[in-house]
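A.B. asks: Questions regarding the structure given below will be posed in turn.
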Amino acid sequence: MGNAFGLSRTGAPSRSWVRTTAFVAGTVSSLLLTVALGLATWIVLPTLVLGWHPTLVTSGSMEPVVSPGDVVVLRDAGTAGLDVGTVVLYDLPGTGRVLHRVVAVQDDGTYVVQGDANPAPDAAPVRPDQVRGAAVLEVPFIGLPSLWVERGDTTSLALAAALLVTTVWLAPKANDPELDPWNRQDHRLPGEILLAGRTRTSTSAGGSLVPAALTVDLARRLDAARAATTTPEGLT
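Count the sequence shown with this note's numbering and you get residues 15 to 250, in order.
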């Protein structure tokens, strides 16, 4: 049997699923933007305040701890030596820079390094002057667009750009009161909804579900309540 007053079981009017879906999508988009901004902050602040420097991970030799597309923030390695277990970025002649973990420190002060995903240590020990930094923190995923550019992955770039545009477009909907299903304006008292809509709803037999006297009484009570809670102009 349908609700004679067009109300939901909670007493609030039913809302369009399209508007509710838009509100949920806006909320998720706003959350995604907040997370992305937070991840970027972990890179920018240490760089500006502490003088650390970020590096983009391009290979999977340190998985599962660090994956391609992650950004690792490094501090100056200094001259005091590095402990076993420290992840370092070092120059490898003929290859470029490599991010691996120190697995041993030799008597001559050089380091034996190895990728976490590699079955054996790197071929040659690493001298202290080759080390460009020691890893301090890792920020996941944030460097994926740069990695796609480096690899020429235009498909992933296009999808990411479309997702970004959609997210930016949807995010403001999270703050739109017209879409918010929990907006206070939508949770009026049943009597207010009744008076704002059909004050006399007929049954199939033609009788009135709400007597006229009750309707007038409800109206008077609501007017009195509003008058009691309204501060006259000029008073504080």
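Using N, Cα and C, we set each Cβ at its ideal position, and we do this for glycine too.
No experiment lies behind these values; they were computed from the predicted model shown.
What would DSSP say about valine 148, mapped onto helix, strand or coil?
C.D. replies: Looking at the sequence shown, residue 148 is not valine but alanine. Note: alanine 148 maps to strand in three-state DSSP.
A.B. asks: Do valine 71 and aspartate 84 have their C-beta atoms within less than 9 Å of each other?
C.D. replies: Yes, the pair counts as a contact, with Cβ atoms nearer than the cut-off.
A.B. asks: To the nearest angstrom, report how far apart leucine 184 and serine 43 are at their CA atoms.
C.D. replies: Spanning the two alpha carbons is a distance of roughly 6 Å.
A.B. asks: Inspect the beta-carbon positions of aspartate 136 and leucine 106 and report whether they are closer than 9 Å.
C.D. replies: Yes, the pair counts as a contact, with Cβ atoms nearer than the cut-off.
A.B. asks: Could you pull the DSSP bridge partners for valine 116 from this structure?
C.D. replies: For valine 116, which the question treats as bridged, DSSP gives the partners Val127.
A.B. asks: Around the Cβ of proline 60, are there at least 16 other Cβ atoms within 10 angstroms (buried) or fewer (exposed)?
C.D. replies: Proline 60 is buried by the Cβ-count criterion.
A.B. asks: Based on DSSP bridge pairs, tell me the residues matched to threonine 69.
C.D. replies: Threonine 69 pairs with Val86.
A.B. asks: Using the Cα positions of histidine 14 and threonine 180, report the straight-line distance between them to the nearest angstrom.
C.D. replies: Look at the range of the chain in this structure, 15 to 250, and you will see that residue 14 is not part of it.
A.B. asks: Reducing DSSP to helix, strand and coil, say where valine 32 ends up.
C.D. replies: Reduced to three states, the DSSP call for valine 32 is helix.
A.B. asks: Would you check if there are 3 or more beta carbon pairs closer than 8 Å linking the region 40 to 56 to the region 146 to 155?
C.D. replies: Judged by Cβ distances under 8 Å, the region 40 to 56 makes contact with the region 146 to 155, as three or more pairs qualify.
A.B. asks: Taking the alpha-carbon of leucine 62 as reference, which of Val87, Leu171, Leu158, Ser30 has the nearest alpha-carbon?
C.D. replies: Comparing Cα positions, the closest option is Val87.
A.B. asks: Between the alpha carbons of valine 102 and aspartate 122, how many angstroms are there, rounded?
C.D. replies: Straight-line Cα distance between these residues: approximately 18 Å.
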